[in-house]
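One structure is given below, encoded as structure tokens.
Residue numbers (our numbering), protein chains in the order written: chain E, 4 to 580; chain L, 8 to 224.
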């Protein structure tokens with residue numbers, strides 16, 4: 004053996020070992036992760052112990068569901084992975100709602116869960132749950148690390164996979180013996196799996212066919228989904244729309260991809276979308292859909308969805324093409340790159356003058372407006388408008404799910420990507436407050452973070468207010484309190500002859516007093532003239548503030564396309580349903 | 008402060024006063040007459056998937072079929088020439104659009120390396136084991152011969168036979184052995200390969216090539 008060989012052998016044998024838990028943290032750091040949201044517990048303790056000497060910031064949440072939502076929102080605002088952590092059993096199952104939420108909204112959420120020691124797996128041990136089995140249908144992929152040697156690679160791959168192609172959640176289940184044991188396996192750089200590499204560019208022939216279809220269209224319409232935002236395609240999307248003067252409709256997750264104050268903007272389409280967006284999507288003859296999965300809340304009944312349109316579908320996930328709406332010209336690839344290809348292939352603008360005039364007419368005909376007199380009850384839409392007016396263009400809005408979410412989406416004018424942070428596909432009540440915690444920690448200091456919440460939604464996760472207080476997070480929670488689980492009440496009144504079974508929430512606590520008990524600022528507003536003052540006070544307060552807006556309890560969300568109905572037949576009043 | 012503009016509420020023509028296109032899509036989102044529709048008659052076909060042989064891969068495939076309501080008739084799995092790779096053969100019955108959707112959903116699973124639908128002429132076979140009442144061994148032996156099968160166990164009360172062939176052959180054999188009284192049956196479902204030198208899944212390299220198949224996007 005030469006001297007040099009001897010030296011190498013010696014250095015190999017002297018490679019410092021670390022625990023599986025330390026490998027997990029090392030892999031997170033190597034992937035650029037800066038923050039983890041989590042809750043301690045028995046089986047995950049070794050990983051927490053490894054965090055003790057790490058620069059990674061850990062934010063303890065009050066409940067694991069809050070950890071998942073906070074990490075999800077952090078990822079949305081940063082356009083990268085959000086990481087959450089919990090112990091086995093109830094810790095893992097409490098994460099599940101957040102993982103399912105991320106899965107439906109294509110958010111890059113990475114979950115680390117503790118697990119009972121591998122030798123006890125299958126024995127129904129204390130705090131054992133089949134986390135792999137539970138989360139397989141809810142993740143892009145999940146990993147079970149059998150030994151400490153597996154941990155570093157699995158964690159790195161899970162983080163890389165979460166943002167590869169279409170974003171989505173991943174999970175690593177870490178048995179306690181694997182995180183406790185030592186390993187001398189070097190943690191590889193985070194690398195996504197080779198079996199899931201997406202196609203980034205669409206075939207030239209398909210791009211040419213799409214360009215021809217657009218150029219020949221009389222009534223072209225762009226539909227921007229959440230994929231436009233995650234693919235960082237907002238700039239080229241805006242340029243493309245303006246270059247060819249094609250009006251733009253967004254989906255709800257696509258809110259912020261195109262500035263809603265642009266003359267070409269029609270805001271968002273679907274069940275509670277604007278009348279003009281739903282008219283445009285009904286009458287278009289060429290729908291250029293980008294980064295969307297044609298959710299049923301967007302399409303209404305598919306029979307009447309864009310029934311005259313040639314559909315050009317730009318999408319990174321081939322499985323979304325022709326799943327719900329047939330794509331006449333599928334362009335599988337990265338939204339930004341394919342829009343670039345399409346722009347290069349365009350031979351000229353489509354003849355859109357008459358169409359743009361028609362669209363403007365619809366904007367005049369179906370304005371977004373609500374009824375509010377000088378002395379009448381406080382209207383939720385007004386609260387949203389005043390919050391929007393009091394904050395900057397880059398302010399971030401998080402919401403729960405229900406009527407308040409729709410009013411926030413309808414009456415806030417969004418102009419920037421990653422400023423609308425909501426639960427769309429899963430419709431998770433309680434998303435708003437933990438999302439505000441995650442968004443605050445991800446946002447720039449000059450970005451206000453406003454959680455527009457409902458009384459029912461707020462009650463589901465309000466324990467996270469303790470985290471906002473502890474971390475001194477500057478967030479404003481605006482509860483649109485109607486003492487109803489309002490969307491259900493609206494449906495009961497419309498479709499169940501007004502039988503308000505289990506939807507009356509007259510038993511709500513005094514949220515302003517509750518906020519003060521948590522150590523936050525608590526305010527209550529009952530009348531229009533108090534709105535601006537309370538908003539100013541809450542925004543000025545350096546820490547979490549909660550404004551309990553007591554709104555008209557019977558205000559409803561319109562326009563409305565009933566489930567499975569035709570978008571173009573949206574109702575403006577209950578009588579039109 | 009009150010709003011400067013009086014708030015009058017939503018306005019505009021009622022739904023029945025608005026123009027609406029008469030064109031329609033079918034229930035699967037296809038514009039009438041423009042493409043093959045998933046409402047078409049279901050078709051029985053064989054899909055083959057080359058997968059990384061990791062724990063839980065079968066559960067991932069089976070779970071996908073269950074949660075997306077894909078109809079699956081049979082599933083077989085076994086190793087290939089490449090260490091760490093397995094082949095899953097699936098018989099499904101779905102309309103053409105849905106078959107394409109199954110392939111794309113399968114391809115999304117991380118352990119799936121490549122997936123494809125086999126041509127009509129693909130070679131396919133199934134094995135059935137039948138435990139038959141042993142009263143007429145000579146007659147049973149004769150029927151086993153007709154189907155080029157094998158007797159693999161014989162006792163005083165029962166005879167177990169193995170028949171290999173396509174689905175029709177197996178069905179016929181079950182019918183033929185029915186006269187003796189079939190005590191138990193176990194069928195494997197199809198396993199299949201593409202005919203000739205054509206790869207069974209897109210991009211699949213021959214096992215003799217000494218290099219594993221690369222994943223296809």
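Virtual Cβ for every residue (Gly too), placed ideally from N, Cα, C.
- Partner residues in the beta bridge of residue 487/E, as assigned by DSSP, are 507/E.
- Listed along chain L are 12, 14, 15, 16, 17, 18, each with a C-beta nearer than 9 Å to that of residue 372/E.
- Annotation: the segment 217 to 253 of chain E contains the following complete segments of the alpha helix (DSSP H) (minimum length 4 residues), in chain order: 229 to 233, 237 to 247.
- When C-alpha distances from residue 210/L are compared across 200/L, 202/L, 179/L, 222/L, the shortest belongs to 222/L.
- Shown in chain order are the members of the segment 188 to 202 of chain E whose Cβ falls below 7 Å from a Cβ of chain L: 196, 197, 198, 199, 200, 201, 202.
- Contact with chain E is absent for residue 109/L, since none of that chain's Cβ atoms lies less than 7 Å from the residue's Cβ.
- For residue 438/E, same chain residues with a beta-carbon under 6 Å away, outside a window of 5 residues either side, are 72, 76, 401, 424 in chain order.
- The contact set of residue 579/E on chain L, defined by CB atoms closer than 9 Å, consists of 21, 22, 23 in chain order.
- The bridge partners DSSP lists for residue 93/L are 58/L, 86/L.
- Uninterrupted alpha helix (DSSP H) stretches at least 4 residues long and entirely within the segment 141 to 165 of chain E occur at 151 to 165, given in chain order.
- The residue from 549/E, 38/E, 83/E, 74/E with its alpha-carbon nearest to that of residue 61/E is 38/E.
- The beta carbon of residue 101/E sits no closer than 7 Å to any beta carbon of chain L.
- For residue 178/E, the enclosing beta strand (DSSP E) covers residues 173 to 178.
- The straight-line gap separating the alpha-carbon atoms of residue 498/E and residue 567/E is approximately 14 Å.
- Under DSSP, residue 401/E shares a beta bridge with 424/E, 454/E.
- The straight-line gap separating the alpha-carbon atoms of residue 413/E and residue 371/E is approximately 8 Å.
- Cα atoms of residue 20/E and residue 106/E: separation of roughly 36 Å, rounded to the nearest angstrom.
- Of all alpha-carbon atoms in 59/E, 55/E, 41/E, the one lying nearest the alpha-carbon of residue 31/E is that of 59/E.
- Note that the segment 446 to 461 of chain E touches the segment 475 to 483 of chain E; at least 3 beta-carbon pairs, one per stretch, sit closer than 8 Å.
- Residue 258/E sits in coil when the DSSP states are folded into three classes, being neither helix nor strand.
- Exclusion of the five residues before and after residue 168/E leaves 201, 319 as the residues of its chain whose Cβ lies within less than 6 Å of its Cβ.
- Excluding its 5 nearest sequence neighbours in each direction, residue 85/E has C-beta neighbours in its own chain below 6 Å: 74, 75, 77, 78, 112, listed in chain order.
- Residues of chain E whose Cβ lies closer than 9 Å to the Cβ of residue 208/L do not exist, since the nearest Cβ in that chain is about 12 Å away.
- At least one CB atom of chain L sits nearer than 7 Å to the CB of residue 139/E.
- The residue from 40/E, 23/E, 179/E, 510/E with its alpha-carbon nearest to that of residue 92/E is 179/E.
- In terms of beta-carbon proximity, residue 306/E lines the interface with chain L, with at least one pair separated by less than 7 Å.
- Spatial neighbours of residue 534/E in its own chain (CB-CB distance under 8 Å, excluding positions within 5 residues in sequence) are listed in chain order as 381, 385, 386, 389, 528, 552.
- Going by beta carbons, residue 49/E and residue 182/E fall inside the 7 Å limit.
- Against chain E, the beta carbon of residue 106/L has no neighbour under 8 Å; the closest one sits roughly 12 Å away.
- Residue state for residue 31/L is assigned as coil, using DSSP reduced to three classes.
- Residue contact with chain L for residue 536/E: absent (no Cβ-Cβ distance below 7 Å to any residue of chain L).
- Per DSSP, reduced to three states, the secondary structure at residue 14/L is strand.
- Residues of chain L whose Cβ lies closer than 9 Å to the Cβ of residue 572/E are, in chain order, 22, 23, 25, 27.
- Contact between residue 422/E and residue 264/E does not hold, since the beta-carbon distance rounds to 13 Å and is not under 8 Å.
- The beta carbon of residue 192/L sits closer than 6 Å to the beta carbons of 137 from its chain, once the five residues preceding and following it are set aside; these are given in chain order.
- In this structure, residue 311/E keeps its C-beta atom at 7 Å or more from the C-beta atom of residue 31/L.
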